[in-house]
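These notes concern the structure reproduced below.
There are 2 protein chains.
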Amino acid sequence: MSALTNAIDILRCFSTSRPDLSFADVQVLTGKPKSSTSRLLRSLRDCGLLEQDPHSRRYRPGLLTFELGRLHRAHDDLIATAERELRDVCARTGHTGYIAVLDGYQQVVLRIVTGSNPLRVVNPPGQRTPAIITSNGRAMLARLSDQEIRARVPLDYPKVPANSPQNFTELMARLNEIRRTGISDAADEAIEGVGSQGFALASGESGELIGIAVSYSVQATTEIERANVRRELGAMAARLRRITGDPLGQTIEQLAGLAS
Amino acid sequence: MSALTNAIDILRCFSTSRPDLSFADVQVLTGKPKSSTSRLLRSLRDCGLLEQDPHSRRYRPGLLTFELGRLHRAHDDLIATAERELRDVCARTGHTGYIAVLDGYQQVVLRIVTGSNPLRVVNPPGQRTPAIITSNGRAMLARLSDQEIRARVPLDYPKVPANSPQNFTELMARLNEIRRTGISDAADEAIEGVGSQGFALASGESGELIGIAVSYSVQATTEIERANVRRELGAMAARLRRITGDPLGQTIEQLAGLAS
DNA sequence: ACCGTTTGTTCCATTTTTTGGAACGTAGTC
DNA sequence: GACTACGTTCCAAAAAATGGAACAAACGGT
């Protein structure tokens, strides 16, 4: 096993729930002999990959990781990062992808990724739609506080399609469902015959919030295919939340950690 | 030379001015044979410290550096406290605030607080700059012993902008001035047309040292406004020194010695 | 299509580093 | 003052890195 591999094994011990580690922690987590741990920790500290608190003598990620992390493409821009991932998913599933942002209680489409399936693009970039009648729109709303949601949705609840939540109570039920599952869906709402599934993504750094959806023809897709889309979206959400530092991703990670 | 050392040599080739590198770039910058470069780049990619663009085949810092970078000093009280105070000052003055740490004779920007003034952020987090050409960099150096300063500044004194200290003697004169007043300033040094004032803050407990600065456009500020910034910084420094137990007048070496 | 060039990977005997058990510090504690 | 927890250093055996050379793949010009 190479020195680099061992170094990485140590670095991978750190996480949001374990931002710093003692010598003993590292030894237990890596299962390596004391001598190896001692030498390796010293090397990592000397080269800047780790820092050691002079008082507690605990180790934490070093200045070099900070500098390099700032160069990672995730800092380019949230939308471009999401678009790259969405392109992959659309290529695999053949469906059409959307990226939107929230503006008041409406959403604005920013990017469209056309898939191979011949579903006409009905929501061009710039299109405004009430967020309460789309999958990604509701996903974004679900990320706001109840108070914030109430402030955004007009008191005079708008007239919406039959499949959409018909009043504020129904809306909150839908949003709470999304908060539980992390994924949102819609069918025959904004456009007759079109269904979609989506989720919301936040940047851990700027707090910027975007909604991502994949849409398809309801008739032309089977239940199996829609389940596949759901899996793809779930995996995509997990990847993006890691890359963008979405706080929701960390919560989910912690829950997964507790379970295992 | 160990595998880890070589790996670090490669990682240190990346910077804000060089966020991605080709195989050839790395080979030239490290001066290593092709075979070694090839193997090491593959290892770094496989372990997540580097990513490779599938199209351009260029390398850039990987997801692991991003994740670790987010953990760097995430729970650092000194920085969190300073950032809160800096936010207030930047809100009042409209200028842009920086928090940096010293690494050798260079400083690395850790935090930025953007003000309301439209001065584009030119030093993003992670940016490395010689500490001798910035206000907060010199303020940090001034907190070291003369011996330690001499050890850090390269014997072959670097080429610096016209307004910066041109040699070691001039540098020490500037640093002694900072030691007297507690505040440091700069104008037209690291960036043409940009001035800044700053100070250094140490934790009385750990000996940790950070540099805080507020920067502004030289043309767009009056002498009166700069005097106002100076007052604000002086007051902020006093508040922070009380909170963090910074015994101004003691060198960092003395502090670190007492702590351990 | 062909040849030369650039660019990167794989091979392998030699050199160098890593490994991990054991002996050796160094505090803190009862 | 012995005991213990915590780390570091030593050293011979084992494993990995090295780098020149052969090899492969992609590109570019004619």
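Protein chains in written order, with numbering that gives the first Met the number 0: chain A, 0 to 259; chain B, 0 to 259. Quick reminder that beta carbons are idealized off the backbone N, C-alpha and C, glycines included.
Tell me the DSSP secondary structure of residue i in three-state form.
i	result
alanine 150/B	helix
proline 32/B	coil
proline 129/A	strand
valine 291/A	Because residue 291/A is not part of the residues shown, which for chain A are 0 to 259, the question remains open.
serine 37/A	helix
arginine 238/A	helix
isoleucine 7/B	helix
aspartate 145/B	helix
methionine 260/B	Because chain B here runs from 0 to 259, residue 260/B falls outside it and cannot be looked at.
leucine 247/B	coil
serine 259/B	With a pLDDT of only 32 at serine 259/B, under the threshold of 50, the placement of this residue in the model should not be trusted; the figure read from the coordinates follows. DSSP places serine 259/B in coil when its eight states are reduced to three.
Using DSSP's beta-bridge definition, name the partner residues of residue i.
i	result
leucine 20/A	Tyr58/A
serine 14/B	Arg17/B
Taking 8 Å as the cut-off, does the stretch 57-65 of chain A touch the stretch 40-49 of chain A (at least 3 CB pairs, one atom from each stretch)?
With three or more CB-CB distances shorter than 8 Å, the stretch 40-49 of chain A counts as touching the stretch 57-65 of chain A.
Tell me the start and end of each unbroken beta strand (DSSP E) in the stretch 160-211 of chain B that is at least 3 residues and wholly inside, in chain order.
Within the stretch 160-211 of chain B, the complete beta strand (DSSP E) segments at least 3 residues long are 183-186 and 193-201, listed from N- to C-terminus.
Would you say the stretch 11-19 of chain B touches the stretch 216-225 of chain A, given that touching needs at least three Cβ pairs under 8 Å?
The stretch 11-19 of chain B and the stretch 216-225 of chain A do not touch, with fewer than 3 CB-CB distances between them shorter than 8 Å.
Curious, which full-length alpha helix (DSSP H) runs of at least 4 residues does the stretch 43-126 of chain A contain?
Those alpha helix (DSSP H) runs which fall completely within the stretch 43-126 of chain A and span 4+ residues are 62-70 and 77-92.
Can at least three beta-carbon pairs, one atom from the stretch 80-100 of chain A and one from the stretch 34-43 of chain B, be found at a separation below 8 Å?
Segments in contact, no.
Closer than 9 Å, Cβ to Cβ, to anything on chain B: give me those residues from the stretch 59-70 of chain A, in chain order.
Those residues of the stretch 59-70 of chain A that come within reach of chain B (Cβ to Cβ, closer than 9 Å) are Arg59, Pro60, Gly61, Leu62, Leu63, Thr64, Phe65, Glu66, Leu67, Gly68, Arg69 and Leu70.
Does the contact criterion of 3 or more C-beta pairs under 8 Å hold for the stretch 73-88 of chain B versus the stretch 76-92 of chain A?
Between the stretch 73-88 of chain B and the stretch 76-92 of chain A, the count of Cβ pairs shorter than 8 Å is below three; the stretches do not touch.
Taking 8 Å as the cut-off, does the stretch 203-212 of chain B touch the stretch 132-142 of chain B (at least 3 CB pairs, one atom from each stretch)?
Segments in contact, yes.
Output needed in chain order: residues of the stretch 10-27 of chain A with a Cβ under 8 Å from some Cβ in chain B.
If the cut-off is 8 Å between Cβ atoms, the stretch 10-27 of chain A has Leu10, Arg11, Phe13, Ser14, Thr15, Pro18 and Asp19 near chain B.
Residues of the stretch 100-120 of chain B with Cβ closer than 8 Å to any Cβ of chain A, in chain order
Of all residues in the stretch 100-120 of chain B, the ones placed with a Cβ closer than 8 Å to any Cβ belonging to chain A are Val100, Asp102, Val107 and Leu109, in chain order.
Three or more beta-carbon pairs under 8 Å between the stretch 189-208 of chain B and the stretch 239-249 of chain B, yes or no?
Cβ pair count under 8 Å is three or more, so yes.
For the stretch 199-215 of chain B, enumerate the residues whose C-beta is nearer than 7 Å to any C-beta of chain A, in chain order.
Within the stretch 199-215 of chain B, the residues whose Cβ lies closer than 7 Å to some Cβ of chain A are Glu204, Ser205 and Gly206, listed in chain order.
Taking a Cβ distance cut-off of 9 Å, strictly less, list which residues of the stretch 123-147 of chain B are near chain A, in chain order.
Along the stretch 123-147 of chain B, going in chain order, the ones with a CB nearer than 9 Å to a CB of chain A are Pro123, Pro124, Gly125, Gln126 and Arg127.
Interface residues of the stretch 225-247 of chain A facing chain B [CB-CB below 8 Å]
Cβ contacts with chain B: Arg241, Ile242 and Gly244.
Would the stretch 98-107 of chain B count as touching the stretch 168-178 of chain B if we require 3 or more Cβ pairs under 8 Å?
No, because fewer than three Cβ pairs between the stretch 98-107 of chain B and the stretch 168-178 of chain B fall closer than 8 Å, the two stretches do not touch.
Touching by the beta-carbon criterion (3+ pairs, under 8 Å), the stretch 117-132 of chain B and the stretch 183-192 of chain B:
Taking 8 Å as the limit for Cβ pairs, the verdict is that the stretch 183-192 of chain B does touch the stretch 117-132 of chain B.
What residues from the stretch 169-201 of chain B come within 9 Å of chain A, judged by C-beta to C-beta, listed N to C?
Of all residues in the stretch 169-201 of chain B, none has a Cβ within less than 9 Å of some Cβ in chain A.
Using a beta-carbon distance cut-off of less than 9 Å, what residues from the stretch 76-88 of chain A approach chain B?
Those residues of the stretch 76-88 of chain A that come within reach of chain B (Cβ to Cβ, closer than 9 Å) do not exist; the list is empty.
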